[in-house]
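So for the sequence shown, the numbering used here puts the first residue at 5; every next one is plus one.
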Amino acid sequence: MLSTNSIPGRISQNHIVALIFCVGRGSDFRCTMLSRCPECPVQDPETKDDLRPATQDCHMIAPVIAIAASIAAGVGLLILRTHHRRVRRRQLMAQGLPAEHVAVIERNVPLYRRLPEPLKAQLHGLVNVFLDEKQFEGCGGLEITDGVRLTIAAQACILLVNRPADLFPGLSTILVYPQAYMARETTFDGVVETEVRDSRLGESWERGPVVLAWDSVVGGSRNEGDGLNVVLHEFAHQLDQQDSASDGAPILGSPDDYPRWAEVFTAEYEALRKARRFRRRSVLDKYGATDPAEFFAVATETFFEKPRQLLKNHPDLYGVLKDYYKLDPAQWSG
5 MLSTNSIPGR ISQNHIVALI FCVGRGSDFR CTMLSRCPEC PVQDPETKDD
55 LRPATQDCHM IAPVIAIAAS IAAGVGLLIL RTHHRRVRRR QLMAQGLPAE
105 HVAVIERNVP LYRRLPEPLK AQLHGLVNVF LDEKQFEGCG GLEITDGVRL
155 TIAAQACILL VNRPADLFPG LSTILVYPQA YMARETTFDG VVETEVRDSR
205 LGESWERGPV VLAWDSVVGG SRNEGDGLNV VLHEFAHQLD QQDSASDGAP
255 ILGSPDDYPR WAEVFTAEYE ALRKARRFRR RSVLDKYGAT DPAEFFAVAT
305 ETFFEKPRQL LKNHPDLYGV LKDYYKLDPA QWSG
């Protein structure tokens, strides 16, 4: 709460009013306010008290102006950048992809060939934005080519087609290895800290990079009937992580959607855990029984790569994913 009392060493209400009447001479600000300023008293027209020069130094004004100017500049810069990005995105979304780029996607991403034509046009714009805003880095000697960038971008952006989603805002870099890579992981059981190295095909870091093995990208993309696609899997994690919680519940369209999501996903997750425990067959990969976050990523892979099987065997799960992605791949040709 603001106080109107004058407290030595603090900025009073009159000081704030005085800002309007302050003029700057470099860093030397002077108060020319005609009414009484508790910190910098000047001549009072009625009582003639505090007969001081009408231009008394006011040492509190300069910091206030400096802070206000910094805040205003920061806000202005943010608004300008946001506007520039919005305009650029709109331009890129309206552009088509060059024919040679479309050919690369058609060759490397069979799922693209099943998309209805209006969705392909949307995807082209999203790929343009993705390639403009995200950086690719080759690791382990891999050279980043247009083929690498387009193959990954097209699959990642399929998750964004047909819905008002931001373009993976927490992601700036995609690291690509030529094949499975070794990663260090530290575990702590409360007593002993253990560091292990394991082989990985991909991973997604919240507010960090997505890491992919190129041979798995190509293999998973071209074999669209196996329900395994490392790009769809890791970028589903990115969607899940947008609310800073990797828990299998991404940001949904409405608060009313969460109860149904929780009901269906909890039941389906427990069913998959039971199927793994008793070694029963499932259209969903058993890796999805690891935890809710992995279940959402695996369910996303299956939704796009084996949609008819998922619809037949898990209609409720297919339904909530259809509502979330705003797509119905079971109805696509092929």
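A virtual CB, placed ideally from N, CA and C, is assigned to each residue, including glycine.
Delimiting residues of the alpha helix (DSSP H) encompassing residue i
i: Q3; result: Not covered by the structure: residue 3. The range shown for the chain is 5 to 338.
i: Y291; result: First-last for Y291: undefined, no H or E at that position.
i: S225; result: W218 to R226
i: V180; result: Premise fails: V180 lies in the beta strand (DSSP E), T177 to Y181, not in any alpha helix (DSSP H).
i: E104; result: A103 to N112
i: V234; result: V234 to D244
8 Å Cβ cutoff met for residue i and residue j
i: M186; j: R201; result: yes
i: Q242; j: G174; result: yes
i: L331; j: Y322; result: no
i: R264; j: V214; result: no
i: F134; j: C161; result: yes
i: L171; j: H128; result: no
i: V165; j: L130; result: yes
i: S220; j: N112; result: no
i: W336; j: L96; result: no
i: A184; j: S203; result: yes
i: K316; j: G231; result: no
i: S176; j: E210; result: no
Residue nearest to residue i in terms of C-alpha spacing, selected from the options
i: N227; options: E147, C161, L236 and P114; result: P114
i: S248; options: I148, V79, A297 and P319; result: A297
i: H88; options: H128, E137, R281 and Y329; result: E137
i: Y329; options: Q246, F308 and S337; result: F308
i: H318; options: Q245, F269 and P259; result: F269
i: G212; options: Y291, K310, L288 and Q246; result: Q246
i: A334; options: G229, S258, I75 and A266; result: G229
i: D295; options: D244, A266 and Y273; result: Y273
i: A271; options: A158, D320 and Q126; result: D320
i: L126; options: Q99, G78, R188 and G142; result: The sequence shown places Gln at residue 126, rather than the Leu named in the question. The residue with the shortest Cα to Cα distance from Q126 is Q99.
Close beta carbons around residue i, own chain, < 7 Å, minus the five adjacent residues each side
i: A240; result: L163, F300, A301 and T304
i: S286; result: L276 and A279
i: L123; result: V165 and N166
i: E110; result: Y116 and R117
i: Y291; result: E298 and V302
i: K326; result: D332
i: D32; result: Residue placement at D32 cannot be trusted, given a pLDDT of 41 that sits under 50; the coordinates are not used to answer.
i: E121; result: none
Residue interval of the beta strand (DSSP E) (run including residue i)
i: R126; result: Sequence inspection shows Gln at residue 126; the Arg mentioned does not correspond to that position. Per DSSP, Q126 belongs to no beta strand (DSSP E); it is in the alpha helix (DSSP H), E121 to E137.
i: E267; result: From DSSP, E267 is part of no beta strand (DSSP E) but of the alpha helix (DSSP H) over D261 to R281.
i: G151; result: It is not in any beta strand (DSSP E) - G151 instead sits in the alpha helix (DSSP H) that spans D150 to I162.
i: E207; result: G206 to S208
Same chain, Cβ closer than 8 Å to residue i, neighbours up to 5 away in sequence not counted
i: Y262; result: A253 and L256
i: L216; result: I156, I178, L179, V180, Y181, L205, G206, V234, V235 and E238
i: V108; result: D150, G151, L154 and T155
i: V222; result: N112 and T155
i: D244; result: S250, D251, G252, A253, P254, A297, F300 and A301
i: A266; result: A253
Min CB distance residue i to chain D below 8 Å
i: R312; result: Absent from the structure: chain D. Only one protein chain is present.
Residues of its chain near residue i, where Cβ-Cβ distance is below 6 Å and the 5 sequence neighbours each way are ignored
i: P182; result: G144, L146 and W218
i: A293; result: L276, R277 and R280
i: L288; result: L276, V302 and T306
i: R93; result: V133
i: H105; result: L154
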